[in-house]
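2 protein chains.
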Amino acid sequence: MVAVVETSPTPRRKLSRAERRLQLIEATISVIAENGFARTTLGEVAKRAGLSHGLANFHFESKDKLLAATLEHLSDEYRANWQAALAVAGPHPADRIAALIEADFTPAICTADRLAAWCAFWGEAQSRPMYQDVCGQNDEEYQGVLEGFCRDLLADGGYGGDAVRVARVLRVTTEGVWLDLMTLQSPYSRDEARATVLAAAAAFFPRHFGPDGRLAGT
Amino acid sequence: MVAVVETSPTPRRKLSRAERRLQLIEATISVIAENGFARTTLGEVAKRAGLSHGLANFHFESKDKLLAATLEHLSDEYRANWQAALAVAGPHPADRIAALIEADFTPAICTADRLAAWCAFWGEAQSRPMYQDVCGQNDEEYQGVLEGFCRDLLADGGYGGDAVRVARVLRVTTEGVWLDLMTLQSPYSRDEARATVLAAAAAFFPRHFGPDGRLAGT
DNA sequence: AGATTCTGATTGAACTGTCAATCAAAATAC
DNA sequence: GTATTTTGATTGACAGTTCAATCAGAATCT
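So the sequence lines, in the order shown, correspond to chains A and B. First residue of the first sequence: 532, per the numbering used here; consecutive thereafter. First residue of the second sequence: 532, per the numbering used here; consecutive thereafter.
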């Protein structure tokens, strides 16, 4: 769960400032995933990190700022993930769209804890400016990049349709299947979730995407 | 905001049991929409309904049960809405799919308060059995009905594709654009949201749906 | 190297405010 | 008159925040 040390019986005071912050953020993700936003307390976060509850306020000044830092961590991590995927993807717009979809289901990103935390933040987004402050820019960047690839592929492939709406469908379908994995009584697998997004891509770009993803040789 | 009385200076004891419960539920929706789940208190709910705070516990036994009743109200209302839309829709599967999509954007259902409340409940769904207990059956019924129409239209129109995944894309696209309306920095309009879902339908069923919805004469 | 000082991370108790739940009394309906 | 609904004060628990004391490790001195 916690990505850092916290192993030996006396690991105290071993971690740097940044590592300690990260440890508390990971603990926060875990608590939010398990208890929900409304029942996330500093005490539980500290307990899960094996630290005293005063520390959270020492490192983050307030509960709100800890939550904001947690969301920022998730958002930056997400952005770094899709940008890394694009860096090794082919130049064709279909390759780049396929890379973006695939990136959303990377095991490192698409974990139960992280998905649950994302959903919890979305649920609170309406009532707190925090979400838009932290994620607004990253979200717009992602939508813009995906829109560009969709525009290219629509033109390149001679497809009809509006790039903005196509990109939006692909993005919200991903978010939607994530939500399904959290809220459904009997959720389907991560592979089925990815296949669902690819089915949408195949509907918009039938000569570049098939039921199993990117079609070769185009 | 509140759909019921609360007008004259002394409206006390005017409403029946069911009406009073509904009044408290509407106030709860309003508070959740404005403050989020984590900051929803019984005191604020009662205040918004113009009642004293002891009443919430009198009519619903506990805060949890008030929240569950609120979710149940939303879920039943949603179900009644799409079933009413189906009752007046044509028999062709494309007509029925179009009716379901249209129903999701009815002004009575697709209000800022209700959307925000739905998102808040989704955010808490992972950590409380409440959501699945209350909505699981309705959600499965909706998915099953939509799947049936998709299966019929895929066969009838000679389309390729998997009915389960097509239905899932249409459903989560609707949920996704709802979420967008809540979380985006500069959200688009309800009409644009509906057009986005219709764009997805047009991708799967190009001979039955166009950019502006259901195509006539098919 | 060993002793001393300094820094700032860490703890845990105390304080404060808030909220859900309870309940006795008042108001209202039947 | 009796039953039901409503009020508003009270209670107890709990969470966020503050803070003084502690302590580990780094830096400095001899």
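Ideal Cβ placement from N, Cα and C applies to all residues, glycine included. Fair warning: this is a prediction, and the values are worked out from it, not measured in the lab.
Using a Cβ-Cβ cutoff of less than 6 Å, which residues in the same chain neighbour residue i once the five nearest sequence positions on both sides are dropped?
i, result
"Glu750(B)", "Within the shown structure, residues of chain B are numbered from 532 to 749, placing residue 750(B) beyond reach of any answer."
"Arg725(B)", "Phe636"
"Trp709(A)", "Leu646"
"Ala564(B)", "Asp644, Ala647 and Ala648"
"Glu655(B)", "Phe568"
Indicate whether at least one CB of chain B lies closer than 8 Å to the CB of residue i.
i, result
"Leu710(A)", "yes"
"Val576(A)", "no"
"Phe735(A)", "yes"
"Ala730(A)", "yes"
"Ala726(A)", "yes"
"Thr749(A)", "no"
"Gln554(A)", "no"
"Gly621(A)", "no"
"Thr714(A)", "yes"
Can you list, in chain order, the residues of its chain with a C-beta nearer than 8 Å to that of residue i? Leave out the 5 residues immediately preceding and following it.
i, result
"Ala733(B)", "Phe740, Gly741 and Pro742"
"Leu573(A)", "His584, Ala587, Asn588, Lys594 and Leu597"
"Phe591(B)", "Arg552, Leu555, Leu597 and Ala600"
Measure the Cβ-Cβ separation of residue i and residue j and say whether it is below 8 Å.
i, j, result
"Leu631(A)", "Ala611(A)", "no"
"Leu684(B)", "Pro622(B)", "no"
"Leu677(B)", "Arg696(B)", "no"
"Thr704(A)", "Val700(B)", "yes"
"Gln657(A)", "Cys650(B)", "yes"
"Ile556(B)", "Ala599(B)", "no"
"Ala569(B)", "Ala569(A)", "yes"
"Cys641(B)", "Arg579(B)", "no"
"Ile560(B)", "Asp644(B)", "yes"
"Ala698(B)", "Gln674(B)", "yes"
"Gly707(A)", "Leu729(A)", "no"
Under 8 Å between C-beta atoms, does residue i make it to chain A?
i, result
"Ala564(B)", "yes"
"Thr559(B)", "no"
"Glu633(B)", "no"
"Glu550(B)", "no"
"Glu672(B)", "no"
"Gln614(B)", "no"
"Gly667(B)", "yes"
"Gly744(B)", "no"
Return the chain-ordered list of same chain residues with a C-beta closer than 7 Å to the C-beta of residue i, the five sequence neighbours on each side being excluded.
i, result
"Phe680(B)", "Pro624, Arg627 and Ile628"
"Pro718(A)", "Asp711 and Leu712"
"Ala731(A)", "Val700, Leu701 and Thr704"
"Ser606(A)", "Val665, Cys666 and Asn669"
"Ala558(B)", "Val533, Val576, Arg579 and Ala580"
(request) Name, going along the chain, the residues of the stretch 643-661 of chain B whose beta-carbon falls closer than 7 Å to a beta-carbon of chain A. (result) Ala647, Cys650, Ala651, Trp653, Gly654, Glu655, Ala656, Gln657, Ser658 and Arg659
(request) Below 8 Å between beta carbons is the criterion; list the residues of the stretch 674-707 of chain A that meet it against any residue of chain B, in chain order. (result) Within the stretch 674-707 of chain A, the qualifying residues are Gly692, Asp693, Arg696, Val697, Arg699, Val700, Arg702, Val703, Thr704, Glu706 and Gly707.
(request) Please name the residues in the stretch 569-602 of chain B whose beta-carbon is closer than 9 Å to at least one beta-carbon of chain A, in chain order. (result) Ala569, Arg570 and Thr571
(request) Kindly provide the ranges of any alpha helix (DSSP H) runs that are 4 or more residues long and lie completely inside the stretch 614-694 of chain A, ordered along the chain. (result) The stretch 614-694 of chain A contains, as complete alpha helix (DSSP H) runs of 4+ residues, the segments 624-634, 643-656 and 661-687 (chain order).
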